[in-house]
Amino acid sequence: MVRRGGRGGEQNAQEENLAKIKSPGKFEEKRKVTMKTQAGSKKVNKADIEVRKEWIDKIRQLPRILNDSVKGLDDDQLNTPYGRGKWTILQLVHHLADSHMNAFVRMKLIITEDNPTLKTYEQDDWARTHEARHYPLASSLNIIQGLHERWCNLLESLPENAWKRSAIHPESGNITLEQLLKIYAEHGELHVKRILELRKSKGW
Ligand code: NI
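Be aware that the sequence shown starts at 22, since it is given in my numbering, and climbs by one per residue.
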């Protein structure tokens, strides 16, 4: 990664990241191409593989775009909510660490158990604990860095048939590993987008 000097460079990097998040991915124009699996009998949709690669890539890129999005912010800025009654930037970063640790555990449960029931949690209450409101963000950035690396390695190691493995979500019903991948790939980007848009609107 190229290190950019000065605020101008950082702002450009933020603009680029924001533009990338806004642009539609390949999965928006899903192609119907099929190819044979190594086993030869079962057909696999090649478009599904490409789409999943794109989602995994979003998970891989998240630590970098998140780090860029908070670069140079002081304590007052980090403690600014992204909207009325919304979380602060600091809370958002801690929330991403909390949420994605849960996501990693959920996925490992789906991979290692048959149709497990996922544990839900109150994300607003998690974001309101004292440490989630005040503790410096470096710890969560470090968690996300290591966690996303493990996460990508895990996802890339899976055989094709793992993606249809499922779990029971107590609130939303049956959910597959593939659906969870999409949800979390987009989840990380959504929060980075909130941070970048706040910075843009404040001129930071
Ligand atoms: Ni969230």
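Note that CB positions come from ideal geometry on N, CA and C, so glycine has one too. Given the structure is predicted, the values throughout are model-derived calculations rather than measurements.
Just curious, the beta strand (DSSP E) that residue i is in, first and last residue?
| i | result |
| --- | --- |
| residue 195 | 194-197 |
| residue 188 | 187-190 |
Let's test the definition: count the other Cβ atoms within 10 Å of the Cβ of residue i and tell me whether it reaches 16, buried, or not, exposed.
| i | result |
| --- | --- |
| residue 115 | buried |
| residue 156 | exposed |
| residue 112 | buried |
| residue 161 | buried |
| residue 171 | exposed |
| residue 205 | buried |
| residue 195 | exposed |
| residue 151 | exposed |
Please tell me whether residue i and residue j are closer than 8 Å, where the distance is taken between their beta carbons.
| i | j | result |
| --- | --- | --- |
| residue 122 | residue 198 | no |
| residue 188 | residue 137 | yes |
| residue 120 | residue 208 | yes |
| residue 93 | residue 31 | yes |
| residue 213 | residue 86 | yes |
| residue 192 | residue 141 | yes |
| residue 118 | residue 165 | yes |
Pop quiz: residue i and residue j are said to be a contact at Cβ under 8 Å. What is the actual Cβ separation, rounded to whole angstroms?
| i | j | result |
| --- | --- | --- |
| residue 158 | residue 38 | Not quite, the Cβ-Cβ distance comes to about 17 Å (not below 8 Å), so this is no contact. |
| residue 110 | residue 91 | 7 Å |
| residue 124 | residue 201 | 7 Å |
| residue 34 | residue 69 | Residue 34 to residue 69, Cβ: 32 Å. No contact. |
Which residues does DSSP list as the beta-bridge partners of residue i?
| i | result |
| --- | --- |
| residue 138 | 189 |
| residue 102 | 109 |
Taking residue i as part of the alpha helix (DSSP H), name the residues at either end of that continuous run.
| i | result |
| --- | --- |
| residue 226 | Absent from the structure is residue 226, since the part of the chain shown begins at 22 and ends at 225. |
| residue 163 | 159-177 |
At a cut-off of 7 Å, would you count residue i as near the ligand NAD, judging by its Cβ distance to the nearest heavy atom?
| i | result |
| --- | --- |
| residue 161 | Absence of the ligand NAD is noted for the structure shown, with the ligand NI being the only ligands found. |
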